[in-house]
Amino acid sequence: EKYASRWVGITMAVVFFGSNFTIVKKYDSGDGIFFQLWMCMGIWTVGLVVNLIQGSPKFWPFAMLGGVLWAIGNVLCVYIIQQIGLGLGLVIWGSTLMLTGWFTGFFGLFGLEKDDISVVWLSVIGLVFALASLLTSFFVEITHVPEASSRQPNSEEGFAPLPSDDVDYNNDEDLKTAEAKVSAQEGEEVKSTGSPKSKVRGIICALCAGFFFGINFDPPTYIQQHNCEDDNRCDEQYRGASSEPLDYVFAHFCGIIIMSMFIFFSYAIYKRNTPWVSPQICLPAYLSGGSSVNNT
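Here the sequence shown is numbered in our numbering, starting from 90 and rising by one per residue.
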């Protein structure tokens, strides 16, 4: 029964973590900053519910650092998907996450206790497969489908609208001038369809996101392992802290929402109060955030 519940948890994690970003493909998420904000609102709401269910345990600010790290990785995900696609992006940041977690636990990095691994050679084989998956993903060819122009056609045939100036189309000079204006308009539309795709930038961002995802639970884990209870290490400032992981969910998610708000406000300032926003993405992003943490 003990192992059955763990396998159920793993299955839920695979389903939710592997599908929560599919919403980005269906709706226009722009540059991802507005999507990130609403997604983190959904995450924080779940954290509030968990906090009430747990009886409002003591709030440890250090646990917020994990949420900050997660939010930094998460804000990169929409950009990654736009550059290299959801499938490849998920493979890279997922493999990097796994490798980061393995090295942290195996060597006891960042002040954490080393994992007690009963079959070391089997764990190392899993590491090799994860590393091979990451390395081979770098050679995957990416094909970008050209985005449809946002320009609305002027008729059922889809003809480009002609300039509204008074032009004598029987005059060759006037006709050339009109064609030049139409070409200039179409050129501007092509430029506005989005930034050029870059596989290298996408892979680098996916590696960074995976690293942040891989260490985001380290701060609350550090508190649990240094609460001076049982055989745990002792750090006086965390004496008596809870050993229950769910007691740190709310603090962790507060770090997520605070960092996401900081990112959005910084972005709004950078864009001179003209950030990309869309009312259509609000509810899907909120639900995406809520569903992605139901297995945490």
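Ideal placement from N, C-alpha and C gives every residue a C-beta, glycine not left out.
Host alpha helix (DSSP H) of residue i (start-end)
| i | result |
| --- | --- |
| Ala219 | 209-226 |
| Thr193 | 175-196 |
| Leu158 | 153-164 |
| Asp307 | 307-314 |
| Gln125 | 122-142 |
| Tyr337 | First-last for Tyr337: undefined, no H or E at that position. |
| Arg290 | 288-304 |
Pairwise C-alpha distance: residue j and residue i
| i | j | result |
| --- | --- | --- |
| Phe227 | Thr193 | 24 Å |
| Ile170 | Val164 | 11 Å |
| Leu179 | Leu216 | 17 Å |
| Asp120 | Trp365 | 7 Å |
| Gly299 | Ser184 | 7 Å |
| Gly344 | Glu325 | 23 Å |
| Asp319 | Met153 | 25 Å |
| Leu198 | Ile231 | 35 Å |
| Tyr359 | Tyr116 | 24 Å |
| Asp205 | Phe196 | 11 Å |
| Lys203 | Leu175 | 33 Å |
| Pro373 | Ile352 | 20 Å |
| Ser212 | Cys317 | 29 Å |
| Arg322 | Asn305 | 20 Å |
| Ile346 | Ser355 | 14 Å |
| Ile132 | Phe302 | 15 Å |
| Ser222 | Gly144 | 42 Å |
| Lys286 | Leu201 | 39 Å |
| Ser381 | Trp149 | 23 Å |
Beta-carbon separation (whole angstroms), residue i vs residue j, contact threshold 8 Å
| i | j | result |
| --- | --- | --- |
| Ile161 | Met350 | Contact flag wrong, Cβ pair sits at about 13 Å. |
| Lys288 | Gln172 | 7 Å |
| Ile122 | Ala295 | Actually they are not in contact, since the Cβ atoms of Ile122 and Ala295 sit about 18 Å apart, beyond 8 Å. |
| Gly136 | Pro308 | Incorrect: roughly 15 Å between the Cβ atoms, too far for contact. |
| Met128 | Ser367 | About 13 Å separates the two Cβ atoms, so there is no contact after all. |
| Ser207 | Ile370 | Not a contact, Cβ separation roughly 46 Å. |
| Leu188 | Leu224 | That pair is no contact at about 11 Å. |
| Thr134 | Gly379 | 6 Å |
Residues that residue i bridges to, as DSSP identifies them
| i | result |
| --- | --- |
| Cys371 | Cys371 is not bridged to any residue. |
| Cys323 | Asn316 |
Can we say the stretch 131-148 touches the stretch 322-341, given the rule of at least three CB pairs closer than 8 Å? yes
With a threshold of 8 Å, are at least 3 pairs of Cβ atoms found where one atom belongs to the stretch 296-315 and the other to the stretch 323-331? yes
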